[in-house]
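Written below as structure tokens is the structure these notes are about.
Residue numbers (UniProt numbering): 1 to 460.
Put into structure tokens, the structure is as follows:
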């Protein structure tokens, strides 16, 4: 039976403490006065043109033509200057709000990313149980341990989303939660019967309740099967039935969750492919973490019956789901680009112009690297190689979530700095602490599963 080591506990706690410090620093430095924001924008303009360059050009033009202008023209210039100043104040106030949203958004991205991993593992676990797969029972406890993070992780995601509205002023990650924005936006008003905080919370309770209920009973029946008499498969059959029912519930709620928790950050935009796109990233991230945790446990002398064929199969899923993710990314991008409808292309225009490096960089990390690295069958059996590829995939899918959330909340005022890194450390530490504590509660190898012998002798 696995016992979580003091070193791993200490490491997780250190990550959490460092993360808390990074997040606290982000909040302390995010609230700037309007004058500070104006100074920052002026400095940016001096280096890269922008608003200050426009203002300077206007002033210079006014000086050059001063001798030729009439009194009325001078009055017009003065009025224009006042309008320009008002515009600059409005822009500065908008940037001020975006900067205040940055630490909230950084926390939300990291929280959603780790919750997404746990949910992806739960779906993959249910698929294997419903399909009665023979290769995976030796990994069941690893999957059950990872899914322990789902309930606290999902609650944290919703708490951050709603908390960004109620704590502070104009910190909302989701602009449809801001009544001032909704009052001036006809499109959001038309969606307000769906996009409102009470219904957002109610739907979240349904999602989280259903996912957590399945996870609770699946683990309960799995442990009960361990102590069942030989040949008594009652609990296995119960696991099969609830897995099949859960997958129907999951495919609906995952899509709606992706609309609520991700796509509604940009409430003017929608894509009918979005639920599938989020699901593909969820599955590849989940399978990657299963492989990494299994390899880590084997390195400590646990899971002795898990062989290189099991790792090979997990790496095949990493490869396959990476290709699926790339296919859905391209399908969504190509169709919107080809149709060239203004209200649709604005989603990608914003990301290409303001997030060019992460937007295209994640394609390399999430598609090209897995395609080239995991194409070779022999490499899929090498633990350190799979671990290295897994790190790249997880970094790539964190960036994917980052690019989905940040443009709609902070606009072009983004940077991967202390708030973002602190948030990753915070939730990575919490994730590790929860899953390894869960793994330590029961034996790592299931017993009396009707497919356990097939899993033990699995060779590819």
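Built from N, CA and C at the ideal position, the CB exists for glycine as well.
query, result
"What's the C-alpha gap between residue 145 and residue 439?", "5 Å"
"Can you name, in chain order, every residue of its own chain whose Cβ lies under 7 Å from the Cβ of residue 182, other than the five neighbours on each side?", "176, 188, 189, 192"
"Nearest to residue 174 by CA position, among 102, 14, 276, is which residue?", "102"
"What residues in its chain sit with their C-beta under 6 Å from that of residue 383, if we drop five residues either side in the sequence?", "295"
"Buried or exposed: residue 17, going by 16 or more other Cβ atoms within 10 Å of its Cβ?", "exposed"
"Residue 226 by DSSP, collapsed to three states: which one?", "helix"
"DSSP state of residue 307, grouped into three classes?", "coil"
"How would you call residue 310, buried or exposed, if buried means at least 16 neighbouring beta carbons within 10 angstroms?", "buried"
"Is it right to say residue 330 is buried, meaning 16 or more other beta carbons lie within 10 angstroms of its own, or is it exposed?", "exposed"
"Is the segment 273–282 close to the segment 297–308, with three or more CB pairs under 8 Å?", "no"
"How about residue 105 and residue 406: do their beta carbons lie closer than 8 Å?", "yes"
"So what's residue 352 in DSSP terms, helix, strand or just coil?", "helix"
"So, are the CB atoms of residue 362 and residue 400 less than 8 Å apart?", "yes"
"Can you name, in chain order, every residue of its own chain whose Cβ lies under 7 Å from the Cβ of residue 7, other than the five neighbours on each side?", "none"
"Could you tell me whether the segment 422–433 touches the segment 200–211, using the rule of 3 or more Cβ pairs below 8 Å?", "no"
"For residue 135, which three-state DSSP category applies?", "coil"
"Locate the alpha helix (DSSP H) running through residue 234, then write down its first and last residues.", "234–261"
"With a 10 Å radius around its C-beta and 16 neighbouring C-beta atoms as the bar for buried, classify residue 356 as buried or exposed.", "exposed"
"Check each candidate in 91, 133, 13, 21 and name the one with the smallest Cα separation from residue 462.", "Residue coverage of the chain in this structure runs from 1 to 460, which leaves residue 462 outside it and unanswerable."
"Can you tell me the Cα-Cα spacing of residue 233 and residue 114, whole angstroms?", "34 Å"
"Where does the unbroken alpha helix (DSSP H) through residue 190 begin, and where does it stop?", "186–190"
"Is the segment 434–450 touching the segment 131–141 in the sense that three or more CB pairs, one from each, lie closer than 8 Å?", "yes"
"Residue range of the alpha helix (DSSP H) that residue 400 falls in?", "383–409"
"With a threshold of 8 Å on Cβ separation, who are the neighbours of residue 459 within its own chain once the five nearest residues in sequence on each side are excluded?", "307, 309"
"Residues in its own chain within less than 6 Å of residue 126 by CB, not counting five upstream and five downstream?", "243, 246, 247"
"To the nearest angstrom, how far is it from the Cα of residue 464 to the Cα of residue 398?", "Outside the shown range of the chain, which is 1 to 460, sits residue 464, and nothing can be said about it."
"Grouping DSSP H, G and I as helix and E and B as strand, with all else coil, what is residue 175?", "helix"
"Let me know if residue 5 comes out buried or exposed under the rule of 16 or more other beta-carbons within 10 Å of its beta-carbon.", "exposed"
"Quick one: is residue 214 buried, meaning 16 or more other Cβ sit within 10 Å of its Cβ, or exposed?", "buried"
"Taking the alpha helix (DSSP H) that residue 434 falls in, what are its first and last residues?", "418–439"
"What do you reckon, are the CB atoms on residue 119 and residue 150 nearer than 8 Å?", "yes"
"Assuming the contact rule is C-beta atoms closer than 8 Å, residue 304 and residue 26 should be a hit. Round their C-beta distance to whole Å, please.", "Not quite, the Cβ-Cβ distance comes to about 44 Å (not below 8 Å), so this is no contact."
"What is the DSSP secondary structure of residue 180, reduced to helix, strand or coil?", "helix"
"Between the segment 317–324 and the segment 248–266, do at least 3 Cβ pairs fall closer than 8 Å?", "no"
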